[in-house]
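*Asks:* The sequence shown: position 6 = 6 (my numbering), numbered continuously.
If you scroll down you'll find the structure; I have some questions about it.
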Amino acid sequence: MSSNRSAAARQAAARRGGPLFAKDLKALMYAFGDDDPQPESVAAMEDILIDYMAELIAEARRCSTTSLGVPLPASASGAKAAAAAAAAAAAASAGDGDTKKSGRGGNAGGSGGGNAGGGSTGDGAHSHYTRRMKVDDFRYALRKEPNKLGRVDELLAMQKEIAQARKLFDENDG
Numbered sequence: 001m002s003s004n005r006s007a008a009a010r011q012a013a014a015r016r017g018g019p020l021f022a023k024d025l026k027a028l029m030y031a032f033g034d035d036d037p038q039p040e041s042v043a044a045m046e047d048i049l050i051d052y053m054a055e056l057i058a059e060a061r062r063c064s065t066t067s068l069g070v071p072l073p074a075s076a077s078g079a080k081a082a083a084a085a086a087a088a089a090a091a092a093s094a095g096d097g098d099t100k101k102s103g104r105g106g107n108a109g110g111s112g113g114g115n116a117g118g119g120s121t122g123d124g125a126h127s128h129y130t131r132r133m134k135v136d137d138f139r140y141a142l143r144k145e146p147n148k149l150g151r152v153d154e155l156l157a158m159q160k161e162i163a164q165a166r167k168l169f170d171e172n173d174g
């Protein structure tokens with residue numbers, strides 16, 4: 001199942017014009033001591049990263065609830081939906097060069113369409129369920145990894161501080 005998600009994520013990356021994280025991963029590998037990261041090593045790291053993101057999104061989706069508090073049907077956590085959500089989240093985070101993973105507003109992509117994965121549950125064309133995942137869904141999925149959960153909380157607090165500073169700056173300008 002993991003290979004299906006990663007294969008779909010790689011196909012989505014190929015449609016976008018190549019690797020999503022190669023530049024960032026190369027810089028990280030250099031920072032951790034690899035003087036000249038080989039393209040094959042960077043590609044392998046990217047595959048690992050995409051697999052991890054797909055698994056994390058699938059786990060968050062499994063424990064996700066709709067905006068009405070009703071659990072999503074089992075068919076909503078399919079491999080294609082998770083891979084599409086992983087590719088969308090990766091594109092959103094790679095496109096802005098920012099470290100934010102998702103906004104407090106509730107969607108996994110930070111900004112944009114409002115729901116990660118397209119809005120349908122995959123079990124019918126006119127379903128009333130939304131595919132909107134909240135930050136708390138990711139926090140719950142990371143509950144067994146205290147270091148990562150702590151980093152998410154730290155980044156969310158930093159995001160809140162930045163928003164407050166921008167608001168204060170805008171008030172002082174206007």
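All residues carry an ideal CB built from backbone N, CA and C; glycine is no exception.
Treat the numbers as computed from the prediction; the structure is a model and nothing was measured.
Have a look at Gly105 and Gln11 and give me their C-alpha separation to the nearest angstrom.
*Replies:* Residue placement at Gly105 is flagged as unreliable, the pLDDT there being 39, under the threshold of 50; a coordinate-derived value is accordingly withheld.
*Asks:* Would you give the residue range spanned by the alpha helix (DSSP H) that Arg61 belongs to?
*Replies:* Pro39 to Arg62
*Asks:* In terms of alpha-carbon separation, which member of Arg139, Lys167, Lys144 and Leu168 lies closest to Glu154?
*Replies:* Arg139
*Asks:* Taking Met29 as part of the alpha helix (DSSP H), name the residues at either end of that continuous run.
*Replies:* Ala22 to Ala31
*Asks:* Quick check: the stretch 41 to 48 against the stretch 12 to 27, are there 3 or more CB pairs under 8 Å?
*Replies:* yes
*Asks:* Quick one: give me the first and last residue of the alpha helix (DSSP H) that Gly150 is part of.
*Replies:* Pro146 to Asp173
*Asks:* Residues in the same chain with beta-carbon distance under 7 Å from Leu142, minus the five sequence neighbours each way, listed in chain order, please.
*Replies:* Lys148, Leu149 and Val152
*Asks:* My output table needs one value for Gly18: the three-state DSSP class, helix, strand or coil.
*Replies:* Coil, per DSSP.
*Asks:* Tell me which residue opens and which closes the alpha helix (DSSP H) that Asp177 is part of.
*Replies:* For the chain, the structure presents residues 1 to 174; residue 177 sits outside this window and is missing.
*Asks:* If we ignore side chains and look at the alpha-carbon of each, how far apart do Asp51 and Ala58 end up?
*Replies:* 11 Å
*Asks:* Say whether chain D places a C-beta atom closer than 8 Å to the C-beta of Leu28.
*Replies:* The displayed structure is made up of one protein chain only, and chain D is not part of it.
*Asks:* Less than 8 Å separating the beta-carbons of Ser64 and Met133?
*Replies:* At a Cβ-Cβ threshold of 8 Å, Ser64 and Met133 count as neighbours.
*Asks:* Just to check, is the beta-carbon of Gly17 closer than 7 Å to a non-hydrogen atom of the ligand PLP?
*Replies:* In terms of ligand content, the structure shown is empty, and the ligand PLP therefore cannot be addressed.
*Asks:* Taking only the alpha-carbon atoms, compute the straight-line gap between Gln38 and Leu28 and give it to the nearest angstrom.
*Replies:* 13 Å
*Asks:* Going by DSSP in three states, Gly122 sits in which element: helix, strand or coil?
*Replies:* Confidence in Gly122 is poor, its pLDDT being 44 and thus under 50, which makes the residue's placement unreliable; the coordinate value appears in the next sentence. Of the three classes helix, strand and coil, the one that applies to Gly122 here is coil, per DSSP.
*Asks:* Apply the 10 Å Cβ neighbour rule to Ala56 and answer buried if 16 or more other Cβ atoms are within range, or exposed otherwise.
*Replies:* According to the sequence provided, residue 56 is Leu. The question's Ala does not apply to it. By the neighbour-count rule (16 or more Cβ atoms within 10 Å), Leu56 is buried.
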